[in-house]
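For the sequence shown, our numbering begins at 44 and goes up steadily by one.
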Amino acid sequence: MLDRLKEDLKQQIIEQLNLEEVTPADIDEDKPLFHSSGLGLDSIDALELIVMLEKYYGIEVLEPQESRRAFKSISSMADYIREIKPGRY
């Protein structure tokens, strides 16, 4: 079954980070976002993801530990959004 939130997150990450050579199908939702086995994102990208969560989902990530947990993978981001905004996604 297609998870609309995860697909939206993939598309938003591609657009927000200008990943021109990447498609949503290229992003494994369970691979780490900040490791070379996944997208290989860096700390600047993490700031962009924080902005993205606030812009699209109205979620402010204030604690570094919270962001590390939320931004492990597409799946963890979706879980985090659903935890913060239950019933909306």
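The beta-carbon is built from N, C-alpha and C at its ideal position, and this holds for glycine as well.
Can the beta-carbon of L48 be found less than 8 Å from the beta-carbon of Y123?
no
Note down the Cα distance separating I117 from L105, rounded to an integer number of angstroms.
19 Å
DSSP three-state assignment for Y123, whether helix, strand or coil
helix
Endpoints, alpha helix (DSSP H) assigned at S86
86 to 100
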